[in-house]
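Working notes, structure below.
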Amino acid sequence: MLIKQNIIKLAAKATGITEKDLSNFFTEGREQVYRSNEWIFHESTPRRWAGIILEGEVELVRGLHGSSRKVGSMAAGSMISESAFLGDDSHGNGAFTRNGVKIWQISREKIDAFRETEPDLFYRIVSRIAVSINRRMRILNDKLFQNKKTDDTVTSGFRLEHDSLGTRDISNDVYYGVQTQRAMENFAISGIHINNFEHMIEALAMVKKAAAMANHELGRIDQARMEAIAQACDEILYGKLHDQFTVDMFQGGAGTSTNMNANEVIANRGLEILGYNKGEYQYLHPNDHVNCSQSTNDIYPTAIKLAVLLAKKNLVHAMEKLRNSLERKAEAFKDVLKMGRTENQDAVPMTLGQEFSAYAVMIDSAINSIEQAAEAFRDVNMGATAIGTGINSPPGYATLVVKKLTQVSGFQLRRAKNLVEATQNAGIFVHMSANLKLAAVQISKICNDLRWLSSGPRCGLNDDHLPQIGRAH
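Its first residue numbered 33, the sequence shown is counted upward by one per residue in the working numbering.
This is how it looks when you write it as structure tokens:
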């Protein structure tokens with residue numbers, strides 16, 4: 033009996049060993065069947081074989097007798113007891129099957145003989161197994177000693193991805209790819225990942241969905257790919273996959289790492305939707321399809337503008353609630369007399385209602401300033417590509433993608449009048465920052481006034497009484 037090719041393919045994917053090498057090595061193996069609730073091996077016992085799970089599931093258990101706990105599971109296609117390649121050490125975990133399992137096994141004796149007859153092939157396999165075991169040990173360490181939430185499946189393996197710098201192992205558990213992996217290593221600056229900024233992630237998904245719709249309408253990508261990209265983006269908009277946006281908020285370039293992080297996550301989720309595996313980019317590519325007709329220099333500023341508009345909605349809503357509350361207090365206190373002051377000196381009488389009315393107008397003024405500053409954020413440079421000329425995008429794309437983005441985002445967006453200027457000018461962010469600072473100063477002034485006017489009650493002003501909202505610590 034020979035091991036089935038589909039199992040070899042799964043094992044190759046999980047370990048990074050080529051299908052040819054695995055087939056050549058495991059030719060000399062045999063099938064072993066374990067019944068339900070049977071131990072495959074116990075912790076601290078010698079390793080007698082290495083194998084590939086053909087059918088069923090294996091539970092990894094740490095500890096003996098009544099103190100044992102499950103630390104992970106292994107499914108069909110996973111290599112098991114592969115440390116037999118590395119030496120004579122004993123099992124670090126126990127392995128148990130609840131519902132029965134079939135394992136293709138090759139004995140230690142045959143492994144040792146293979147090392148002598150095929151050393152090149154043997155050490156190629158060993159190098160890949162060492163990487164796989166190292167990753168598994170990190171996951172088990174997180175699970176056992178650092179109380180990190182990890183998936184039960186600790187042996188899902190990794191895939192090989194290529195870029196201009198070479199090949200990298202990428203965990204099959206993640207949706208990002210090699211470009212994101214390199215960015216995580218190269219730009220570990222603040223430790224604050226972009227997934228802390230929910231509106232930015234949502235904005236990137238909106239941009240990518242709109243671009244896919246426009247590219248499909250212009251014949252640049254087919255309907256199946258467009259729908260897969262759109263569905264992946266919708267899932268992100270529903271709050272899924274945000275943990276896959278892992279690049280640092282500070283990074284080299286003009287947002288290229290963030291753009292590629294989004295491209296890779298959307299591409300890999302899209303591949304799953306299409307029925308393929310993560311990393312099979314010949315069917316849906318992060319650059320060729322998800323990033324089609326785009327450049328970091330147009331999608332990144334556009335996404336930031338959308339993120340600001342999304343955040344502005346939340347901010348203005350909260351400020352409107354504050355203004356309305358102050359207006360209600362102004363009405364309630366319209367007949368309450370108090371002393372007006374200048375430079376903390378008694379001046380002329382006024383009503384407490386007038387004081388709160390002034391605060392309400394102050395907040396309303398800040399809201400209007402923010403709204404006016406946000407108006408410029410509706411002008412986007414989508415379709416500008418690298419420097420604003422629109423090179424490498426099809427005719428009509430810039431106008432169409434803005435129309436699609438308006439539909440996707442719900443904001444009435446406009447194509448910038450001059451795409452070259454819009455690609456390089458960040459003045460609107462300075463303007464918005466100034467208006468946010470203005471609002472913060474005005475709110476701070478109100479807070480300080482209320483704190484001072486409520487001082488006392490015996491030796492302070494005690495004009496106002498602020499109800500207790502919590503116990504001081």
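For every residue, glycine included, the Cβ atom is placed at its ideal position computed from N, Cα and C.
For residue 288, the nearest candidate out of 144, 211 and 443 (CA to CA): 211
According to DSSP, residues forming a beta bridge with residue 411: 446
Chain D contact for residue 346 (CB, 9 Å cutoff): Among the protein chains of the structure shown there is no chain D, as only one such chain exists.
CB-CB length for residue 129 against residue 88, believed under 8 Å: 6 Å
Residue 60 versus 79, 76, 146 and 105, residue with shortest Cα-Cα distance: 146
CB-CB length for residue 48 against residue 163, believed under 8 Å: In this structure residue 48 touches residue 163 by the C-beta definition: roughly 7 Å separates them, less than 8 Å.
Test item: CB-CB of residue 325 and residue 417 under 9 Å: Cβ atoms of residue 325 and residue 417: closer than 9 Å.
Buried or exposed (CB count within 10 angstroms, at least 16 for buried), residue 80: exposed
Helix, strand or coil at residue 90 [DSSP, three-state]: strand
Collapsed DSSP secondary structure at residue 459 in the structure displayed: In this structure, residue 459 counts as helix in the three-state DSSP scheme.
Complete beta strand (DSSP E) runs within the segment 342-379 (minimum length 3 residues, chain order): Counting whole runs of 3 or more residues, the segment 342-379 contains the beta strand (DSSP E) stretches 369-374.
Beta-carbon proximity of residue 386 to residue 366, cut-off 9 Å: yes
Rounded C-alpha distance that separates residue 43 from residue 302: Residue 43 and residue 302: Cα-Cα distance of roughly 23 Å.
4-residue-minimum alpha helix (DSSP H) runs that sit fully inside the segment 110-160, ordered along the chain: Runs of the alpha helix (DSSP H) inside the segment 110-160: 140-149.
For residue 243, three-class secondary structure by DSSP: Of the three classes helix, strand and coil, the one that applies to residue 243 here is helix, per DSSP.
Separation of residue 152 from residue 158, as counted between CA atoms: 10 Å
Which of helix, strand or coil DSSP assigns to residue 59: coil
Cβ pair count under 8 Å reaching 3, the segment 238-252 against the segment 429-438: yes
Contact under 9 Å by Cβ, residue 28 with residue 135: Because the chain spans 33 through 505 in this model, residue 28 falls outside it and cannot be assessed.
Among 347, 194, 68 and 337, the one whose alpha carbon lies nearest that of residue 313: 194
Residues near residue 183 by beta carbon distance below 8 Å, same chain, minus five either side: In this predicted model, residue 183 has a pLDDT of only 48, less than 50, meaning its place in the structure is not dependable; the value taken from the coordinates is given anyway. Correct list, in chain order: 205.
Sufficient close CB pairs (3 or more, under 8 Å) joining the segment 440-458 to the segment 400-415: yes
Cβ pair residue 52, residue 109 closer than 9 Å: The criterion of a C-beta distance shorter than 9 Å is not satisfied by residue 52 and residue 109.
Where the alpha helix (DSSP H) through residue 196 begins and ends: That residue, residue 196, is in no alpha helix (DSSP H); it is neither H nor E in DSSP.
Residue environment, residue 441, which counts as buried when at least 16 other CB atoms sit within 10 Å: buried
Any non-hydrogen atom of the ligand SAM within 8 Å of residue 307 CB: The ligand SAM is not part of the structure shown, which contains no ligands of any sort.
Same chain, Cβ closer than 7 Å to residue 213, five either side skipped, listed in chain order: Excluding positions up to five away in sequence, the list reads 200 and 202.
The beta strand (DSSP E) enclosing residue 268, as first and last residue numbers: Segment 255-269 is the alpha helix (DSSP H) holding residue 268; no beta strand (DSSP E) there.
Simplified DSSP state of residue 435, which is helix, strand or coil: helix
Nearest to residue 342 (by Cα), restricted to the options 235, 138 and 93: 235
Buried versus exposed, by CB contacts within 10 Å (16 or more), residue 238: buried
N- and C-terminal bounds of the alpha helix (DSSP H) containing residue 103: Counting along the chain, residue 103 falls outside any alpha helix (DSSP H), though it belongs to the beta strand (DSSP E) covering 101-106.
Residue 491, buried or exposed, once every other Cβ within 10 Å from all chains shown has been counted against 16: exposed
Neighbourhood of residue 253 by C-beta, 7 Å cutoff - its chain only, sequence neighbours within 5 removed: Apart from the 5 residues on each side of it in sequence, residue 253 sits with its Cβ closer than 7 Å to the Cβ of 244, 247, 321 and 324 in its chain, given in chain order.
Residue 405 burial status per 10 Å Cβ neighbour count (16 or more: buried): buried
Residue from 299, 233, 279 and 251 whose Cα sits closest to the Cα of residue 264: 299
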